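The structure appears right after this line, and notes come after that.
Written out as structure tokens, the structure is:
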């Protein structure tokens with residue numbers, strides 16, 4: 621494997637999995653308590669605002685994971701590092717699941733708030749495209765048998781799909797959309813009250829830990845596959 | 029430092045990303061008017077012709093402009109530069125209120141008069157507890 625010693629990584633990831641699971645459950649419990657009970661209602665949306673504490677972190681994580689996969693894929697494509705491709709592959713399932721959660725919770729929030737389950741506005745459509753790219757990426761891993769071509773094809777899918785990422789981010793600023801613009805701004809004050817920002821941040825941490833946990837499980841599975849079936853089986 | 033192949037692969041990726049980004053940019057730029065979900069009253073005023081197609085108008089519900097006559101709701105959408113009169117009969121979402129964002133879907137009768145077939149409330153990016161909002165109003 622060159623860069624890393626596979627069995628050492630296997631031992632380490634296996635050991636930390638339990639700690640991350642416990643830590644995740646702790647953070648999730650605090651997050652849910654804060655999101656569902658301790659945080660206030662919104663002046664306009666009432667209790668529907670609580671959907672946001674699942675929706676926004678899911679959307680952030682799905683975008684973050686796709687960017688990470690694309691970044692790793694660029695390195696893989698140029699430097700042919702096989703270990704990085706297994707890392708990229710192992711992140712994809714949780715990224716896909718969080719994209720679906722963001723779409724579904726957005727829809728559930730949209731019905732009582734906007735008055736519609738779905739709107740073909742720029743933000744929602746580009747998020748759907750992100751979901752389709754995740755699906756394409758995961759399917760490509762299953763379809764192509766040849767080791768060299770599967771690495772190239774999946775890398776290219778994630779790199780091409782990454783062009784969509786800034787479009788998702790800035791869609792609400794570039795065009796009129798039904799979706800509201802970002803409440804959390806880097807350069808100026810956020811337009812979200814502190815009491816609502818806290819559960820949002822805790823839930824984001826919980827979802828990030830969950831992604832890490834699923835990643836480690838998937839990564840270990842991939843390593844076992846390589847061990848038992850040889851390096852050809854990526 | 030790196031092999032020739034590595035440099036070629038890097039060059040390939042750069043040209044791929046660059047060309048695709050340019051294509052996406054061109055497509056989105058030329059489709060600008062169709063990518064927007066709704067037009068503002070000002071954009072309606074500057075239309076060359078009143079189209080028969082279904083369109084969406086968005087903006088703020090003008091303060092104390094909501095009138096309910098029989099089953100019809102009549103209100104004014106404003107973007108603080110121009111206004112448009114909207115009539116609609118049917119259910120409106122809970123968040124449909126004065127001084128709040130709205131998107132109306134329907135047909136233009138002329139540049140000042142819009143017959144809506146569907147009303148969507150547009151939520152803004154502000155989130156706050158109820159008592160805080162009362163304080164702000166006072």
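Protein chains in written order, with my numbering: chain A, 621 to 854; chain B, 29 to 166.
Don't be surprised by glycine CBs; every beta carbon is placed ideally from N, CA and C.
None of these values were measured; they are calculated from a predicted model.
So, for residue i: in the same chain, excluding its five sequence neighbours on each side, which residues have a beta-carbon less than 7 Å away from its beta-carbon?
{"i": "residue 737 of chain A", "result": "727, 730, 731"}
{"i": "residue 622 of chain A", "result": "Residue placement at residue 622 of chain A is poorly supported in this model, since its pLDDT is 45, which falls under 50; the coordinates are not used for a value here."}
{"i": "residue 692 of chain A", "result": "704, 707, 708"}
{"i": "residue 109 of chain B", "result": "70"}
{"i": "residue 710 of chain A", "result": "835, 838, 839, 842"}
{"i": "residue 632 of chain A", "result": "none"}
Any idea what DSSP makes of residue i, helix, strand or coil?
{"i": "residue 667 of chain A", "result": "helix"}
{"i": "residue 106 of chain B", "result": "strand"}
{"i": "residue 33 of chain B", "result": "helix"}
{"i": "residue 138 of chain B", "result": "strand"}
{"i": "residue 662 of chain A", "result": "strand"}
{"i": "residue 65 of chain B", "result": "coil"}
{"i": "residue 95 of chain B", "result": "strand"}
{"i": "residue 849 of chain A", "result": "helix"}
{"i": "residue 747 of chain A", "result": "helix"}
{"i": "residue 672 of chain A", "result": "helix"}
{"i": "residue 87 of chain B", "result": "strand"}
{"i": "residue 117 of chain B", "result": "strand"}
{"i": "residue 807 of chain A", "result": "coil"}
{"i": "residue 146 of chain B", "result": "strand"}
In angstroms with no decimal places, state the Cα-to-Cα distance between residue i and residue j.
{"i": "residue 637 of chain A", "j": "residue 33 of chain B", "result": "38 Å"}
{"i": "residue 654 of chain A", "j": "residue 665 of chain A", "result": "18 Å"}
{"i": "residue 735 of chain A", "j": "residue 99 of chain B", "result": "19 Å"}
{"i": "residue 819 of chain A", "j": "residue 673 of chain A", "result": "7 Å"}
{"i": "residue 764 of chain A", "j": "residue 770 of chain A", "result": "5 Å"}
{"i": "residue 844 of chain A", "j": "residue 38 of chain B", "result": "31 Å"}
{"i": "residue 799 of chain A", "j": "residue 747 of chain A", "result": "12 Å"}
{"i": "residue 695 of chain A", "j": "residue 825 of chain A", "result": "27 Å"}
{"i": "residue 759 of chain A", "j": "residue 789 of chain A", "result": "25 Å"}
{"i": "residue 140 of chain B", "j": "residue 835 of chain A", "result": "56 Å"}
{"i": "residue 651 of chain A", "j": "residue 808 of chain A", "result": "25 Å"}
{"i": "residue 660 of chain A", "j": "residue 157 of chain B", "result": "6 Å"}
To the nearest whole angstrom, what separates the beta carbons of residue i and residue j, a pair I think is in contact under 8 Å?
{"i": "residue 84 of chain B", "j": "residue 67 of chain B", "result": "7 Å"}
{"i": "residue 115 of chain B", "j": "residue 96 of chain B", "result": "Contact flag wrong, Cβ pair sits at about 11 Å."}
{"i": "residue 155 of chain B", "j": "residue 773 of chain A", "result": "The Cβ separation is near 42 Å, so there is no contact."}
Taking 7 Å as the cut-off, is the beta-carbon of residue i closer than that to any non-hydrogen atom of the ligand SAH?
{"i": "residue 671 of chain A", "result": "Among the components of this structure there are no ligands whatsoever, and the ligand SAH is therefore not found."}
Would you call residue i buried or exposed, if buried means 16 or more other Cβ atoms sit within 10 Å of its Cβ?
{"i": "residue 670 of chain A", "result": "buried"}
{"i": "residue 750 of chain A", "result": "buried"}
{"i": "residue 166 of chain B", "result": "Confidence in residue 166 of chain B is poor, its pLDDT being 49 and thus under 50, which makes the residue's placement too unreliable to answer from."}
{"i": "residue 678 of chain A", "result": "buried"}
{"i": "residue 796 of chain A", "result": "buried"}
{"i": "residue 78 of chain B", "result": "exposed"}
{"i": "residue 725 of chain A", "result": "buried"}
{"i": "residue 87 of chain B", "result": "buried"}
Give me, in chain order, the residues of the same chain whose beta-carbon lies closer than 6 Å to that of residue i; leave out the 5 immediate sequence neighbours on both sides.
{"i": "residue 90 of chain B", "result": "104, 106"}
{"i": "residue 148 of chain B", "result": "131"}
{"i": "residue 895 of chain A", "result": "Residue 895 of chain A is absent from the structure shown; chain A starts at 621 and stops at 854."}
{"i": "residue 111 of chain B", "result": "69, 104"}
{"i": "residue 590 of chain A", "result": "No answer is possible for residue 590 of chain A: the residues shown for chain A start at 621 and end at 854."}
{"i": "residue 697 of chain A", "result": "775"}
Return the chain-ordered list of same chain residues with a C-beta closer than 8 Å to the C-beta of residue i, the five sequence neighbours on each side being excluded.
{"i": "residue 810 of chain A", "result": "803, 804, 817"}
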